Amino acid sequence: MTEAERMMIGDVSIEAACTDDLEALGALALRSKAHWGYDDAFLASCVGELRLPATALVDDIVLVARHKGHNCGFIRMGRDDPGEIEALFVAPEAIGGGIGRKLFHSALACSNAARLIVVSDPHAEGFYRRLGFRAGGSEPSGSIPGRMLPRLVFERMRGAENEA
Numbered sequence: 048m049t050e051a052e053r054m055m056i057g058d059v060s061i062e063a064a065c066t067d068d069l070e071a072l073g074a075l076a077l078r079s080k081a082h083w084g085y086d087d088a089f090l091a092s093c094v095g096e097l098r099l100p101a102t103a104l105v106d107d108i109v110l111v112a113r114h115k116g117h118n119c120g121f122i123r124m125g126r127d128d129p130g131e132i133e134a135l136f137v138a139p140e141a142i143g144g145g146i147g148r149k150l151f152h153s154a155l156a157c158s159n160a161a162r163l164i165v166v167s168d169p170h171a172e173g174f175y176r177r178l179g180f181r182a183g184g185s186e187p188s189g190s191i192p193g194r195m196l197p198r199l200v201f202e203r204m205r206g207a208e209n210e211a
């Protein structure tokens, strides 16, 4: 049984992030990114992008998934319409356990945005498509010159929540 299977989704709480969480969430994002086999040079180039500024707690929706008091994922989503998912990371040991989906739906419930956009890591594109995102072009990476990343779009169904 994997760690993700042992981590029952019902035992995971979703809470608003606070200033004390920021450093740990940046470290979690880096560990999650490293899970996909990126080399040290690439990861070093991402550190700045993966840090959460204190202004995010005021400007954006920032939610943390916790299991038995430990951070196991987080989402940062803009409040404006369209809302942009700036970050959604799950701890490597919890990937595949439904935490990313729970974070997404929790952030969606906090937002009035009719449309969401994410510039996704290629490894996460399938996850976003399963949530109901569709292709919306591509954008250049902020870390690696010449690298293009998939841009995905989610349209909220008014009158009913997306069940994806």
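To convert, count from 1 in the sequence shown and add 47; that's the working numbering. Built from N, CA and C at the ideal position, the CB exists for glycine as well. Since this is a predicted model, take the numbers as computed values, not measurements.
E96: member of the alpha helix (DSSP H) spanning 87-97, first to last residue. Within its own chain, the residues whose Cβ lies closer than 7 Å to the Cβ of G147, once the five positions on either side in sequence are excluded, are G120, L135, V137, F174, listed in chain order. For S153, no beta strand (DSSP E) run applies; the uninterrupted alpha helix (DSSP H) run containing it begins and ends at 146-156, by DSSP.
Judged by DSSP in its simplified three-state form, R78 adopts helix. Pairing A63 with V109, the inter-Cα distance amounts to about 6 Å.
According to the DSSP assignment, A134 belongs to the beta strand (DSSP E) that extends over 130-137. Where A182 is concerned, the enclosing beta strand (DSSP E) starts and stops at 181-187.
For E140, there is no enclosing alpha helix (DSSP H), as DSSP marks it with neither H nor E.
Within the same chain, and ignoring the five residues on either side of E133 in sequence, the residues whose Cβ sits closer than 6 Å to its Cβ are R123.
Nearest to P197 by C-alpha distance, out of G183, L104, I191, is G183. Straight-line measurement puts the Cα of P139 at about 15 Å from the Cα of D168. Shown here, L72 sits in a helix according to DSSP, grouped into three states.
Comparing C-alpha distances from A103 to each of L77, S79, D87, C65 shows the shortest one belongs to C65. For L163, the enclosing beta strand (DSSP E) starts and ends at 162-166.
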